[in-house]
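Add 15 to the 1-based position in the sequence shown for my numbering, that's all there is to it.
Note that beta-carbon positions come from the ideal geometry of N, C-alpha and C, so glycine has one too.
Take a look at the structure set out below.
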Amino acid sequence: MGVKEVHVDTITETVARLCQEANYFLPEDAMAALEKAKQEEQSPCAQGILRHILENAKVAAEERVPLCQDCGVTIVYLYIGQDIHIVGGNLRSAVIEGVSRGYKEGYLRASMVEHPFSSRTNTGDNTPPIIRYEVVSGDNLRIIVMPKGEGAENASCVAMLDPASGRKGVIDTVINCIDQRGSKICPPLIVGVGVGATAGKVMSLAKNALLRPLGQHNLDPEVAELEYELLERINASGIGAQGVGGTVTALAVHAEMMPCHIAALPVGVNPCCHSSRHKEAVL
Numbered sequence: 016m017g018v019k020e021v022h023v024d025t026i027t028e029t030v031a032r033l034c035q036e037a038n039y040f041l042p043e044d045a046m047a048a049l050e051k052a053k054q055e056e057q058s059p060c061a062q063g064i065l066r067h068i069l070e071n072a073k074v075a076a077e078e079r080v081p082l083c084q085d086c087g088v089t090i091v092y093l094y095i096g097q098d099i100h101i102v103g104g105n106l107r108s109a110v111i112e113g114v115s116r117g118y119k120e121g122y123l124r125a126s127m128v129e130h131p132f133s134s135r136t137n138t139g140d141n142t143p144p145i146i147r148y149e150v151v152s153g154d155n156l157r158i159i160v161m162p163k164g165e166g167a168e169n170a171s172c173v174a175m176l177d178p179a180s181g182r183k184g185v186i187d188t189v190i191n192c193i194d195q196r197g198s199k200i201c202p203p204l205i206v207g208v209g210v211g212a213t214a215g216k217v218m219s220l221a222k223n224a225l226l227r228p229l230g231q232h233n234l235d236p237e238v239a240e241l242e243y244e245l246l247e248r249i250n251a252s253g254i255g256a257q258g259v260g261g262t263v264t265a266l267a268v269h270a271e272m273m274p275c276h277i278a279a280l281p282v283g284v285n286p287c288c289h290s291s292r293h294k295e296a297v298l
């Protein structure tokens, strides 16, 4: 039996399509969570905002226009089966070309700038993307495209706590991060939380947590309990949809955990606005 081959042209075409679909179509789990939030929200003003958010999502899908004017930093996850062979060119180049093509052909706003601390010249096609590679078993290539809006990304926090800070320190870090940003994150939110690992990895854990289906809790009961408490505390803040006040500030809190060094307790918080955009394909 021969090794499965995946041509780079197929990868480029797939990434281009996913860039557009992720910006046009809000996932079903997000739509369901927003519908639930609308039913549970006690503030008439916040209910009205949630109705507008749902209507916006329907119009975006029907007319194939972006859900939000911020089409985000393009994050591409590649789960590469160890038994496949990429042929016809370079994998990274194929992904970059896919993002460029997807944003240009889909009339998606280009937001990436070169030399961030000086000229800040727009690259013109939203490249380069952030590409994350992981080798997995099997002979498939799984591609996930996540356009991450910068309003929410700017609200990210990382804290290197003393181990003695414990569970309370983790909770306080997350709550303070959300409270300080308030309406700037375009609530209702999905909050990704990472605990453990290192300063760099903990933020990856937090962002990875955003890819989990909304409301699907961590399989570790201790982490799931942390998610429940954080969601309750955030919704008790009264920030509400778009910061107008209300009972639903977050749609979900998803946390991921890894072991860490005995001298550390890293915590990462990576919020996402209600427009939880990501699409995937398996080749």
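- With fewer than 16 other Cβ atoms inside 10 Å of its own Cβ, residue 122 counts as exposed.
- Taking C-alpha positions only, residue 223 is separated from residue 113 by approximately 22 Å.
- Per DSSP, residue 210 lies in no alpha helix (DSSP H); the unbroken beta strand (DSSP E) holding it starts and ends at 204-212.
- With contacts defined as CB atoms closer than 8 Å, residue 204 and residue 188 fail to qualify as a contacting pair.
- The three-state secondary structure of residue 100, taken from DSSP, is strand.
- In this structure, the alpha-carbon of residue 52 lies about 23 Å from that of residue 165.
- Residue 161 places its beta carbon 8 Å or farther from that of residue 210.
- Take the alpha-carbon of residue 17 and the one of residue 260: they are about 60 Å apart.
- For residue 241, the closest alpha carbon among the candidates 87, 270, 181 and 266 is that of 270.
- The C-alpha of residue 248 is placed about 17 Å away from the C-alpha of residue 285.
- Residue 255 and residue 78 have their C-alpha atoms some 29 Å from each other.
- Residue 93 carries a strand assignment under DSSP once its states are collapsed to helix, strand and coil.
- Under the DSSP definition of a beta bridge, residue 271 partners with 209.
- Below 8 Å, too few C-beta pairs join the segment 124-135 and the segment 188-203 to call them touching: fewer than three.
- Ranking 253, 91 and 59 by CA distance to the CA of residue 110 puts 91 first.
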